[in-house]
Amino acid sequence: DTEVTQTPKHLVMGMTNKKSLKCEQHMGHRAMYWYKQKAKKPPELMFVYSYEKLSINESVPSRFSPECPNSSLLNLHLHALQPEDSALYLCASSQPGQGSSYEQYFGPGTRLTVT
Amino acid sequence: GDSVTQMEGPVTLSEEAFLTINCTYTATGYPSLFWYVQYPGEGLQLLLKATKADDKGSNKGFEATYRKETTSFHLEKGSVQVSDSAVYFCALTGNQFYFGTGTSLTVIP
Numbered sequence: 001d002t003e004v005t006q007t008p009k010h011l012v013m014g015m016t017n018k019k020s021l022k023c024e025q026h027m028g029h030r031a032m033y034w035y036k037q038k039a040k041k042p043p044e045l046m047f048v049y050s051y052e053k054l055s056i057n058e059s060v061p062s063r064f065s066p067e068c069p070n071s072s073l074l075n076l077h078l079h080a081l082q083p084e085d086s087a088l089y090l091c092a093s094s095q096p097g098q099g100s101s102y103e104q105y106f107g108p109g110t111r112l113t114v115t
Numbered sequence: 001g002d003s004v005t006q007m008e009g010p011v012t013l014s015e016e017a018f019l020t021i022n023c024t025y026t027a028t029g030y031p032s033l034f035w036y037v038q039y040p041g042e043g044l045q046l047l048l049k050a051t052k053a054d055d056k057g058s059n060k061g062f063e064a065t066y067r068k069e070t071t072s073f074h075l076e077k078g079s080v081q082v083s084d085s086a087v088y089f090c091a092l093t094g095n096q097f098y099f100g101t102g103t104s105l106t107v108i109p
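These protein sequence lines map, in sequence, to chains C and P.
If you count by the working numbering, then the first sequence holds residues 1 to 115, one letter each, in order.
If you count by the working numbering, then the second sequence holds residues 1 to 109, one letter each, in order.
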């Protein structure tokens, strides 16, 4: 099974709301990632978890808060977002390690609209 | 630093035409190289990969060869179909994953 699942598929939220995105994988991968993708652009790395510990935070604003409760789950908590945060949010997983040859497997994404 | 340079799009081809999407890279060390495909409204799917020089990755009629001497990993398909319409991303692993800018392909009947 090479599936990464993400919920919800679509999310519309106001700038004062608090919401969470969820990601799950059962491939035994110990690295998980959050990416943000704007239309017609490549994914931009936001966070990397390796062995359930945050290893990379690409200077993401604090209104995005990641959480990795266990090796299969990854959450992204959202609070006080701005309209420019509207995008497709992608979760991915892989075997861990810098310089690894391992491919990343992506979920279908959550389409977020901030009103 | 590591980077990927990908052919600008969009590319429009007729069905059964030959496809080439160019990808070149800059990397220290010996990266692995990947092609991902993104269909409209979906996430990225791994299309093929190559982990060392002269490796050829192939899948669903697509092929790419890891050329160290030219630092390239061009994607090719001999006969495209309408269902191949998507955005294609070249990527490499260095200290992290690096994506190219993506090439949009539209295949018309």
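All C-beta atoms, glycine included, are put in the ideal place defined by N, C-alpha and C.
No experiment lies behind these values; they were computed from the predicted model shown.
Between the Cα of residue i and those of the options, spot the shortest distance and give me the residue it belongs to.
i	options	result
residue 60 of chain C	C:39, C:34, C:38, C:70	C:34
residue 58 of chain C	P:1, P:24, P:96	P:96
residue 1 of chain P	P:98, P:69, P:105	P:98
residue 96 of chain C	C:53, C:63, C:4	C:53
residue 54 of chain P	P:20, P:104, P:74, P:26	P:74
residue 105 of chain C	C:31, C:86, C:112, C:36	C:31
residue 52 of chain P	P:69, P:38, P:4	P:69
residue 104 of chain P	P:28, P:3, P:37	P:37
residue 44 of chain P	P:109, P:87, P:94	P:87
residue 19 of chain P	P:56, P:4, P:76, P:42	P:76
residue 27 of chain P	P:89, P:58, P:3, P:48	P:3
Looking at residue i: is its Cβ nearer than 8 Å to the Cβ of residue j?
i	j	result
residue 107 of chain P	residue 72 of chain P	no
residue 101 of chain P	residue 42 of chain C	yes
residue 110 of chain C	residue 38 of chain C	no
residue 195 of chain P	residue 103 of chain C	Residue 195 of chain P is absent from the structure shown; chain P starts at 1 and stops at 109.
>> Using 8 Å as the cut-off, can you tell me whether the segment 85-98 of chain C makes contact with the segment 16-30 of chain C, which would need three or more C-beta pairs spanning the two stretches below that distance?
In response: yes
>> Would the segment 63-80 of chain C count as touching the segment 5-22 of chain C if we require 3 or more Cβ pairs under 8 Å?
In response: yes
>> Check whether the segment 60-68 of chain P and the segment 26-44 of chain P are in contact - that is, three or more C-beta pairs closer than 8 Å.
In response: yes
>> Using a Cβ distance threshold of 8 Å, determine whether the segment 74-92 of chain P contacts the segment 12-23 of chain P, with at least three qualifying pairs required.
In response: yes
> Where are the beta strand (DSSP E) runs, 3 residues long or more, that stay fully inside the segment 25-110 of chain C, in chain order?
Replying inline: 31-37, 44-50, 53-57, 64-70, 73-79, 87-94
>> Would you call the segment 2-9 of chain P in contact with the segment 56-76 of chain C, where contact means no fewer than 3 C-beta pairs closer than 8 Å?
In response: no
>> Closer than 7 Å between beta carbons: that is the criterion. Which residues of the segment 92-104 of chain P meet it against chain C?
In response: 93, 94, 95, 96, 97, 99, 100, 101, 102
>> Along the segment 41-59 of chain P, where does the CB come closer than 9 Å to a CB of chain C? Name the residues.
In response: 41, 42, 43, 44, 45, 46, 49, 51, 52
> In the segment 23-67 of chain P, which residue ranges form an unbroken alpha helix (DSSP H) of at least 4 residues, counting only runs that do not cross its ends?
Replying inline: none
>> If the cut-off is 7 Å on Cβ atoms, which residues from the segment 25-39 of chain P count as contacting chain C, listed in chain order?
In response: 29, 32, 34
> In the segment 81-92 of chain P, which residues sit with their C-beta less than 9 Å from some C-beta in chain C, listed in chain order?
Replying inline: 87, 89, 91
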